[in-house]
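The listed protein sequences derive, respectively, from chains A and B.
Residue 120 in the numbering used here sits at position 120 of the first sequence, with consecutive numbering throughout.
With positions in the second sequence counted from 1, the corresponding number in the numbering used here is that position plus 1000.
Even for Gly, the Cβ is constructed at its ideal location relative to N, Cα and C.
Since this is a predicted model, take the numbers as computed values, not measurements.
What follows is a single structure, written as structure tokens, with notes after it.
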Amino acid sequence: MTGATTSALHMVAQSEPGEHRTLIVTLFSVFVAFTLAVTVWAGRKTKDATDFYAGGRSFTGFQNGLAISGDYMSAASFLGIAGAIALAGYDGFLYSIGFLVAWLVALMLVAEPLRNSGRFTMGDVLAFRMRQRPVRTAAGVSTIVVSIFYLLAQMVGAGALVALLLGITGEAGKNLIVVIVGLVMILYVTIGGMKGTTWVQIIKAVLLILGTLLITVLVLAKFDFNISQLLGAAADNSGKGSAFLEPGLRYGVDTTSKIDFISLGVALVLGTAGLPHILIRFYTVPTAQTARKSVLWAIGIIGGFYLMTIALGFGAAALIKQETIIESNPAGNTAAPLLAEEIGGGAGSTGGAILLAMISAVAFATILAVVAGLTLASSSSFAHDLYANVIRKGKATEKEEVAAARIAAIAIGAVAILLGVFAGSLNVAGLVALAFAVAASANLPTILYSLFWKRFTTQGALWSIYGGLFTSVFLVLFSPVVSGEEKSMWPGVDFQWFPLENPGLISIPAGFFLGWLGSVLSKDDDATGKKYAELEVRSLTGAGAH
Amino acid sequence: MSSTPPTGRSPDVYEEVQQSEEFGELRRTHRSFAFPLTVGFIAWYLLYVLLSNYAGGFMGTEVVGNINMAFVLGIAQFVTTFALAWWYARHAGAKLDPRSEQLKQDVESRLAGGSTEVGK
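What follows is the structure, encoded as structure tokens:
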């Protein structure tokens, strides 16, 4: 009976190359239905602004640690890093290390003081001791720009997955999927607010870890749990020999690429603590101590996950031909799903179809959840920083503010859908690295100066945010990412003159320098004295915290 | 600057606390731990990045089987991150939390007490 069913399934799978499609769509639909139910439940409990923006500050350290991991382990981590390792071997490894080490900055310098001194957004902390309107405007603008960069990466990931997994070659079909992803995400955010979105992140994080763990164990089992054997097979199968296991395949080509590697490394390690959708997670817990605990959990979960992506990346390199990976997606974004299919028994087998479907559904869930987190961060900042405090000058009621956030979420969702429709085939880990560079240049300097430097002023904050933002975006615009090369966003045109793909090495020091310069050159001393005393005492002790 | 008349009562309390011995000690305890450690782990991470870039021969040295120096140092970054996180948490729990809790109660009682005494 079981045998008959299996062979029947097998036949279906063989006769219809896209058999796994049905499975993927089913699994993904189950995820969407379940998370939407949770969202509706959370939405009923969302009564005031604190519920909408900060989930009522009711989450535990472990729950928030999972949710942070869910927000952080994006398609870039899952698909991008596995793909980068599968194609560039050791050089793909750097992403995971930078992404993880970065959490120490958040742990030691940002999470607790931010929780103690802000209410809902990054702008709250920056505006604490500065002139509200200009600083909140700047914080809102940079939050939205960073989130859009990050959204672009997620949508590119979605596009790549759709093309491979659902076998949809037509533009219309692909666009339909992107629209569905966008609409579900808008529902999460508008109905569930932070409470709903947090639960979506928690569910997704658990699924992603379980899925990755399963594939990792299966891969390692194939090599008798011998890492050396796995690495050896990856090196052989890659056709590059031991060079595949050494630094330099991607970034060691010439001086420019070596400097690019340093630039990337700096952006990764300093970007995390400036990512708005991560920062607002610290507001979902009751105290600074819980915020610390959530970061500790996140470091454990994210670290474990990245260790597994190493196995996935080298596993893909060991078991799948390089040409197959590149043919499926030139940037390697589909290496992990391809590996799942291979490890389950290969293309056309039932096991392969099931594992492929499972990993793909998890990847879709990942994209959906991260996109929801980003949309929530940018719509919160729009409503709380720009609408309530700048446009309405603090006179908006809580209800109006939350309504504005919901409308903003719909607008940003629409932008995400458009990005997904027009997105190309860039490596998503690379794109996310750009978001990190912008966050590290525009947000991190201002956050650190605000919290720890007495003489920081409004002018310093503005110079730092706008300067860091402008420098990083400007350099990206004239980098190989956008034009001049085959893998550029616009391969046909060439207006590139900045040689590095990642602007961090220039733009991060620029952000810090401008913050300092703007402060020492300010004529007004609005930021010194009493307000800093209050911020400092509150940020370190939690007195008067919301 | 300090002669500017206060706009409300609460900033006064915060300024007094900020100037206090206890708060200075809390700030020192946090900064003297977190700042050098941050510089340290960023330097350690950059060293790893630079070694990857400019010490290919060294990084390619085989340690066990196909596991080379680059791989070992990469995993070492994971290990040090976990260790530093744990160390910070221990430090914060033992040295920061008791002090900040004390000061928080101090500030909050003074703010509350102040408003009932002098409340307008």
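{"Item": "Residue-chain proximity (residue 228 of chain A, chain E), Cβ-Cβ < 9 Å", "Value": "In summary, chain E is missing from the structure at hand, where the protein chains are A and B."}
{"Item": "For residue 1030 of chain B and residue 1036 of chain B, the rounded distance between their alpha carbons", "Value": "10 Å"}
{"Item": "CB contact below 9 Å: residue 1085 of chain B versus chain A", "Value": "yes"}
{"Item": "Per-residue burial, residue 1057 of chain B [other beta carbons within 10 Å of its own, 16 or more giving buried]", "Value": "exposed"}
{"Item": "Neighbourhood of residue 543 of chain A by C-beta, 7 Å cutoff - its chain only, sequence neighbours within 5 removed", "Value": "537"}
{"Item": "Continuous alpha helix (DSSP H) stretch holding residue 112 of chain A: start and end", "Value": "111 to 117"}
{"Item": "Beta-carbon spacing of residue 133 of chain A, residue 393 of chain A below 9 Å", "Value": "yes"}
{"Item": "Through-space distance from residue 520 of chain A to residue 1041 of chain B, alpha-carbon basis", "Value": "29 Å"}
{"Item": "Check whether residue 194 of chain A and residue 55 of chain A have beta carbons under 9 Å apart", "Value": "yes"}
{"Item": "Bridge partners - residue 1068 of chain B, DSSP secondary structure assignment", "Value": "B:1062"}
{"Item": "Within chain B, the residues that residue 296 of chain A reaches when beta carbons sit closer than 7 Å", "Value": "1085, 1089"}
{"Item": "Residue interval of the alpha helix (DSSP H) (run including residue 1041 of chain B)", "Value": "1021 to 1054"}
{"Item": "Residue 1074 of chain B: contacting residues in chain A (beta-carbon distance under 9 Å)", "Value": "90, 93, 94, 96, 97, 310"}
{"Item": "Spatially closest choice to residue 376 of chain A from A:166, A:186, A:85, A:95, by CA coordinates", "Value": "A:186"}
{"Item": "Chain-ordered neighbours of residue 1058 of chain B on chain A, where CB pairs are closer than 7 Å", "Value": "Here the premise fails: no neighbours, minimum Cβ distance about 10 Å."}
{"Item": "Residue range of the unbroken alpha helix (DSSP H) whose run includes residue 322 of chain A", "Value": "322 to 328"}
{"Item": "Contacting positions in the stretch 1008 to 1034 of chain B - beta carbon closer than 9 Å to chain A", "Value": "1010, 1011, 1012, 1013, 1014, 1015, 1016, 1017, 1018, 1019, 1023, 1026, 1027, 1030, 1031, 1033, 1034"}
{"Item": "Exposure of residue 966 of chain B, with buried meaning 16 or more beta-carbon neighbours within 10 Å", "Value": "Examination of residue 966 of chain B is not possible in this model, given that chain B is present from 1001 through 1120 alone."}
{"Item": "For residue 402 of chain A and residue 388 of chain A, the rounded distance between their alpha carbons", "Value": "10 Å"}
{"Item": "Exposure label - residue 199 of chain A; buried when at least 16 CB within 10 Å", "Value": "buried"}
{"Item": "Cut-off 8 Å between Cβ atoms - residues of its own chain near residue 554 of chain A, not counting five sequence neighbours on either side", "Value": "A question about residue 554 of chain A goes unanswered here, because the residues of chain A that appear run from 1 up to 546."}
{"Item": "Residue-chain proximity (residue 261 of chain A, chain B), Cβ-Cβ < 9 Å", "Value": "yes"}
{"Item": "Residue 81 of chain A beta carbon less than 9 Å from that of residue 309 of chain A", "Value": "yes"}
{"Item": "Interface residues of chain B facing residue 246 of chain A [CB-CB closer than 7 Å]", "Value": "1056, 1059, 1060, 1068, 1070"}
{"Item": "Residue(s) in a DSSP beta bridge with residue 483 of chain A", "Value": "A:490"}
{"Item": "Any C-beta of chain A under 9 Å from that of residue 1065 of chain B", "Value": "yes"}
{"Item": "Identity of the residue in A:147, A:50, A:291 nearest residue 415 of chain A by Cα", "Value": "A:147"}
{"Item": "Cβ-based burial, residue 463 of chain A [other Cβ within 10 Å; buried from 16]", "Value": "buried"}
{"Item": "Extent of the continuous alpha helix (DSSP H) to which residue 496 of chain A belongs", "Value": "Where residue 496 of chain A is concerned, there is no enclosing alpha helix (DSSP H), given that its DSSP letter is neither H nor E."}
{"Item": "Assumed close pair residue 364 of chain A, residue 120 of chain A - CB separation to whole angstroms, cut-off 8 Å", "Value": "The pair is not a contact, with the Cβ atoms about 29 Å apart (cut-off 8 Å)."}
{"Item": "Check whether residue 182 of chain A and residue 413 of chain A have beta carbons under 9 Å apart", "Value": "yes"}
{"Item": "Any chain B beta carbon closer than 9 Å to residue 452 of chain A", "Value": "yes"}
{"Item": "Contact with chain B by residue 540 of chain A, beta-carbon distance below 9 Å", "Value": "yes"}
{"Item": "Inter-residue spacing [alpha-carbon to alpha-carbon] between residue 75 of chain A and residue 157 of chain A", "Value": "6 Å"}
{"Item": "Distance between beta carbons of residue 352 of chain A and residue 342 of chain A, contact taken as under 8 Å", "Value": "7 Å"}
{"Item": "Whole runs of the alpha helix (DSSP H) within the stretch 41 to 78 of chain A, excluding any shorter than 4 residues", "Value": "49 to 54, 61 to 72"}
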